[in-house]
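Below: the structure, in structure tokens.
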Amino acid sequence: MTLKKEDYPIRVQYDWEMGEFFPKEKMVQRKVSDLAMMFHDQAAVKAAVTDSDPLVYEIFYYGFKTSKSDMALGTTRIQPGKVGDEYYMTKGHFHEAEDQPEIYFCVKGEGYLLMETRDGEFEAHEWTAGTISHIPPMWAHRVVNTGKGPLVFVASYHLSAGHDYGQIEAGGFLKRVVERDGKAVLVLNEARK
Ligand code: M6P
Ligand code: ZN
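First residue of the sequence shown: -16, per the numbering used here; consecutive thereafter.
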């Protein structure tokens, strides 16, 4: 059988210092304004956006597409910071394809991986550099940076998994991660009651 060009093995190189791999196909940046509806303190959102609209996180992608498969690699770098008392975090999403899991590998920093199902099951994994979490199908996932430096994680999934942001955009996760007396704590999200 003659292989097509895309069916040959390829590699990318991870830079541990930068928390990025090269080459990368695509980069997406999300600022406070892109996540405005995700934070509970809307006055703090408005102040941050009016001031400098800071960068919250960047995602770098590589899609390993062959004629028979569609693995994807992502690396996400979340800056340290808060909006009001709520730590910087990813938007969070369900997968469109309900049979699709994902692996997240925390390579730098500290924080939480929040996960929940549409039936109201909730789990949080505390993360330090080296933690690897398996996110089963049907669990929404969001990463929160509670550290003083960037939190970087690598994601492996199928491109066909897709992103479904609808429910999270509408109401967020069941719990939020906020600072209380200098510590990161999980509190119930009032908007979901
Ligand atoms: C990981 C993967 C990506 C995702 C990104 C940021 O790299 O899960 O698919 O896009 O994290 O998460 P979100 O899309 O929720 O902002
Ligand atoms: Zn995902």
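In this text, a Cβ means the ideal position worked out from N, Cα and C, and glycines have one as well. Just so we're clear, the structure is a prediction, and the values are computed from it rather than from any experiment.
Query	Result
CB-CB length for L38 against K14, believed under 8 angstroms	5 angstroms
Stretch-stretch touch, CB-based, cutoff 8 angstroms, three pairs: the region 153 to 162 with the region 120 to 129	yes
Nearest residue (CA-CA) to K(-12), options K51, H23, M21	K51
C-alpha distance - F105 paired with L96, whole-angstrom precision	11 angstroms
Any 3 or more C-beta pairs closer than 8 angstroms across the region 52 to 62 and the region 106 to 113	no
Which listed residue (K176, R175, L169, W(-1)) has its alpha carbon closest to that of Y70	L169
E99 CB to nearest heavy atom of the ligand ZN below 7 angstroms	no
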